[in-house]
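S.K.: Numbering (the numbering used here), first residue to last: 494 to 783. Here a beta-carbon is modelled for each residue, glycine too, at the ideal position from N, C-alpha and C. This one's a predicted model, so the numbers in the text were calculated from it and none came from an experiment. The structure's right below; bear with me while I get my questions together.
Structure (structure tokens):
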């Protein structure tokens, strides 16, 4: 599992909660007290991915880690699965918890939701972190969207659903192995079993596919958002063997205060492949008053 890094600090597990917001039942983990931090997971994972970071951040922050609509233990609406609407879910959750401003962190699909959150509610975001993926509609985004090796961006509908039914683990191994710099340092066997069981639940694979189907609308939304650049500090982490400098270049088109870091010898799964480097970077950035 992910827990080896965190040791005794993880003795008190985060609390599991549910809230009805924006017409969706959202599951979320919560821990700690202090300035709020919202953690947004990506595809093939859920709020579970953030456990090592929650253990560290909750010493000084109130940490909220939701399962996005259609993922984990959250509800499965028919749609939409645009990142703007998913961000509205998260914002409604924050409002319901009395959170007036927060620092927002997102990995993979979660970084798209984090950007949509900051773009829609810029006065309510103090800092933002984008971790390894890309921003639809920003700069040369189609260079990524149309890559042959990223065929899964266009893999949705009834036939793909039928093909992966009962084979969720096989499908996800492509992500966990091929997008890692070293598959032996990617997700643990325990985590692979955990996520496979989550996504094998009825309706979950369909919801995941709808997240990709929405990329065209996301691109239109983000192209509008970027006309008003963000001004809060933004940390961008890209795996050397994954998005690397590409995401950093995109980020500089949407925010005026970008710090970009390429994580050496890491692929897409930054929290798993480079836990000992990434977690301290995140903690320091989020604690720094600047």
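Should residue 740 be flagged as near chain C, meaning a C-beta pair shorter than 9 Å?
M.R.: The structure shown contains no chain C; it holds only a single protein chain.
S.K.: Counting along the chain, where does the alpha helix (DSSP H) carrying residue 712 start and finish?
M.R.: Counted from its first residue, the chain shown places residue 712 at position 219. Segment 708 to 718, the alpha helix (DSSP H) holding residue 712.
S.K.: Have a look at the DSSP bridge pairing and note the partners of residue 518.
M.R.: Along the chain shown, one-based indexing puts residue 518 at 25. The partner list for residue 518 (beta bridge, DSSP) reads 513.
S.K.: Pull up the DSSP beta-bridge partners for residue 530, would you.
M.R.: What you label residue 530 is simply residue 37 of the chain shown in a count that begins at 1. Paired residues: 556, 596.
S.K.: Residue 607 and residue 533: beta carbons closer than 9 Å?
M.R.: Counting from 1 along the chain shown, the entry for residue 607 is found at position 114. Counting from 1 along the chain shown, the entry for residue 533 is found at position 40. Yes, these two residues count as a Cβ contact at 9 Å.
S.K.: State buried or exposed for residue 667, treating a residue as buried only when at least 16 other CB atoms are found within 10 Å of its CB.
M.R.: As a working note, residue 667 is residue 174 in the chain shown. Residue 667 is exposed by the Cβ-count criterion.
S.K.: Does DSSP classify residue 758 as helix, strand or coil?
M.R.: Walking along the chain shown from the start, residue 758 turns up at place 265. Coil, per DSSP.
S.K.: Leaving out five residues on either side along the sequence, give the residues of the same chain with a beta carbon under 6 Å from the beta carbon of residue 609.
M.R.: For the purposes of this step, residue 609 is taken as residue 116 along the chain shown, with counting starting at 1. Within the same chain, residue 609 has close Cβ partners 576, 577, 580.
S.K.: For residue 601 and residue 552, what's the separation of their Cα atoms in angstroms?
M.R.: For the purposes of this step, residue 601 is identified with residue 108 of the chain shown, where counting begins at 1. For the purposes of this step, residue 552 is identified with residue 59 of the chain shown, where counting begins at 1. Approximately 25 Å between the Cα atoms of the pair.
S.K.: Roughly how many angstroms lie between the CA atoms of residue 706 and residue 645, to the nearest whole one?
M.R.: Along the chain shown, read from residue 1 onward, the residue named residue 706 stands at position 213. Along the chain shown, read from residue 1 onward, the residue named residue 645 stands at position 152. C-alpha separation (whole angstroms): 10 Å.
S.K.: Alpha carbon to alpha carbon, what distance is there between residue 725 and residue 635?
M.R.: Taking the chain shown and counting its residues from 1, the one referred to as residue 635 is at position 142. Taking the chain shown and counting its residues from 1, the one referred to as residue 725 is at position 232. Between residue 635 and residue 725, the C-alpha separation is close to 26 Å.
S.K.: If we ignore side chains and look at the alpha-carbon of each, how far apart do residue 515 and residue 564 end up?
M.R.: Along the chain shown, read from residue 1 onward, the residue named residue 515 stands at position 22. Along the chain shown, read from residue 1 onward, the residue named residue 564 stands at position 71. Each residue's Cα considered, the two are about 16 Å apart.
S.K.: Using DSSP with H/G/I as helix, E/B as strand and the rest coil, what is residue 746?
M.R.: Counting from 1 along the chain shown, the entry for residue 746 is found at position 253. Coil at residue 746, not helix or strand.
S.K.: Please report the Cβ distance between residue 662 and residue 685, rounded to the nearest whole angstrom; I am assuming they are in contact, meaning their Cβ atoms lie under 8 Å.
M.R.: As a first step, residue 662 must be located in the chain shown, where it is residue number 169. As a first step, residue 685 must be located in the chain shown, where it is residue number 192. Correct: roughly 7 Å between the Cβ atoms.
S.K.: Take residue 763 and list the residues in its own chain whose beta-carbon comes closer than 8 Å to its own, dropping the five residues that flank it on each side.
M.R.: As a first step, residue 763 is located in the chain shown; it is residue number 270 there, counting from the start. Counting only Cβ-Cβ distances below 8 Å, and skipping sequence neighbours, we find 600, 624, 625, 730, 732, 756, 771.
S.K.: If you count every other CB in all the chains shown that lies within 10 Å of the CB of residue 720, and 16 or more means buried, which is it?
M.R.: Taking the chain shown and counting its residues from 1, one reaches residue 720 at position 227. So residue 720 ends up on the exposed side.
S.K.: Out of 605, 735, 537, 739, point me to the one whose CA is closest to residue 712's CA.
M.R.: Numbered from its first residue, the chain shown carries residue 712 at position 219. It is 605.
S.K.: Counting along the chain, where does the alpha helix (DSSP H) carrying residue 731 start and finish?
M.R.: The residue you call residue 731 lines up with position 238 of the chain shown. From DSSP, residue 731 is part of no alpha helix (DSSP H) but of the beta strand (DSSP E) over 727 to 732.
S.K.: For residue 708 and residue 536, what's the separation of their Cα atoms in angstroms?
M.R.: The count along the chain shown starts at 1 and reaches residue 708 at position 215. The count along the chain shown starts at 1 and reaches residue 536 at position 43. Spanning the two alpha carbons is a distance of roughly 13 Å.
S.K.: Nearest-angstrom Cα distance between residue 612 and residue 718?
M.R.: Position 119 of the chain shown, counting from 1, holds the residue named residue 612. Position 225 of the chain shown, counting from 1, holds the residue named residue 718. Using only the alpha carbons, I get a separation of about 6 Å.
S.K.: Beta strand (DSSP E) containing residue 623: first to last residue?
M.R.: Walking along the chain shown from the start, residue 623 turns up at place 130. That run of the beta strand (DSSP E) goes 618 to 624.
S.K.: Quick check on residue 508: does DSSP put it in helix, strand or coil?
M.R.: Here residue 508 corresponds to residue number 15 of the chain shown, with the count starting at 1. Residue 508: strand per DSSP, three-state reduction.
S.K.: If you compare alpha carbons, which of 710, 622, 766 is closest to residue 681?
M.R.: Here residue 681 corresponds to residue number 188 of the chain shown, with the count starting at 1. Per the Cα distances, 766.
S.K.: Write down the C-beta distance between residue 691 and residue 540 rounded to the nearest angstrom, noting that I regard them as a contact closer than 8 Å.
M.R.: Stepping through the chain shown from its first residue, residue 691 is reached at position 198. Stepping through the chain shown from its first residue, residue 540 is reached at position 47. Going by Cβ atoms, the distance from residue 691 to residue 540 rounds to 10 Å, so no, they are not a contact pair.
S.K.: Do residue 595 and residue 672 have their C-beta atoms closer together than 9 Å?
M.R.: On the chain shown, residue 595 is found 102 positions in, with the first residue counted as 1. On the chain shown, residue 672 is found 179 positions in, with the first residue counted as 1. No, the pair does not count as a contact, with Cβ atoms beyond the cut-off.
S.K.: Output the boundary residues of the alpha helix (DSSP H) element that contains residue 607.
M.R.: Position 114 of the chain shown, counting from 1, holds the residue named residue 607. Looking at the DSSP string, the run of the alpha helix (DSSP H) that includes residue 607 is 602 to 613.
S.K.: Taking DSSP as the reference, what is the three-state secondary structure of residue 753?
M.R.: Translated into the one-based positions of the chain shown, residue 753 becomes position 260. Three-state result, residue 753: strand.
S.K.: Does the beta-carbon of residue 567 have 16 or more other beta-carbons within 10 angstroms, so that it is buried, or is it exposed?
M.R.: Here residue 567 refers to the residue found at position 74 when the chain shown is read from its first residue. It counts as buried.
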